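J.: My structure is below; once you've seen it, I'll send some questions.
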Amino acid sequence: DHAGRLIEAAGLKGVKRGGAQISERHANFIVNVGGASAADIAALIQLAHTRVREQFGVDLELEVELRGEWGTGKTGETGRNVESGENQEIRGRETGHDER
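Here the sequence shown is numbered in this note's numbering, starting from 106 and rising by one per residue.
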């Protein structure tokens with residue numbers, strides 16, 4: 106099933122962590138509603154992944170490449186593992202989706 110529908114069915118549409126929110130328009134998008142940190146975004150990604158897996162038995166696949174430090178203790182493609190949150194970047198694949 107489509108990831109956005111699964112995330113919505115899991116009751117996560119509009120859920121916020123810090124300045125990040127699962128979009129109220131399309132649940133497969135995370136939007137910065139004001140001052141979102143990489144850790145806020147990572148928390149929502151993890152929440153959606155866990156909740157969908159628990160409720161529907163589906164492991165969602167991340168469609169973006171996480172780069173830099175995400176406050177998760179994991180090293181991004183930059184090769185550094187710094188908890189400071191500096192140099193955060195998110196690059197999406199071309200998916201044909203537009204949140205506007």
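Even for Gly, the Cβ is constructed at its ideal location relative to N, Cα and C. Just so we're clear, the structure is a prediction, and the values are computed from it rather than from any experiment.
With C-beta atoms as the reference, is residue 132 less than 8 angstroms away from residue 109?
T.: Cβ distance < 8 angstroms, so residue 132 and residue 109 count as in contact.
J.: Could you check if residue 160 is buried or exposed, using at least 16 other CB atoms within 10 Å of its CB as the buried criterion?
T.: Exposed: under 16 other Cβ atoms inside 10 Å.
J.: Would you kindly report the start and end of the unbroken alpha helix (DSSP H) that includes residue 157?
T.: Residues 143–161.
J.: Have a look at 107, 127, 116, 115 and flag the residue whose alpha-carbon is nearest the alpha-carbon of residue 145.
T.: The residue with the shortest Cα to Cα distance from residue 145 is 127.
J.: Please say whether residue 112 and residue 143 have beta carbons closer to each other than 8 angstroms?
T.: Going by C-beta atoms, residue 143 is not nearer than 8 angstroms to residue 112.
J.: So the alpha helix (DSSP H) residue 111 belongs to, where does it begin and stop?
T.: From DSSP, the alpha helix (DSSP H) with residue 111 extends over 108–114.
J.: Check whether the Cβ atoms of residue 147 and residue 137 sit closer than 8 angstroms, and answer yes or no.
T.: Result no, Cβ atoms of residue 147 and residue 137 do not sit closer than 8 angstroms.
J.: Starting from residue 172 and walking both ways along the beta strand (DSSP E), at which residues does that stretch end?
T.: That run of the beta strand (DSSP E) goes 169–172.
J.: Please state the DSSP three-state secondary structure of residue 118.
T.: If DSSP states are grouped into helix, strand and coil, residue 118 belongs with coil.
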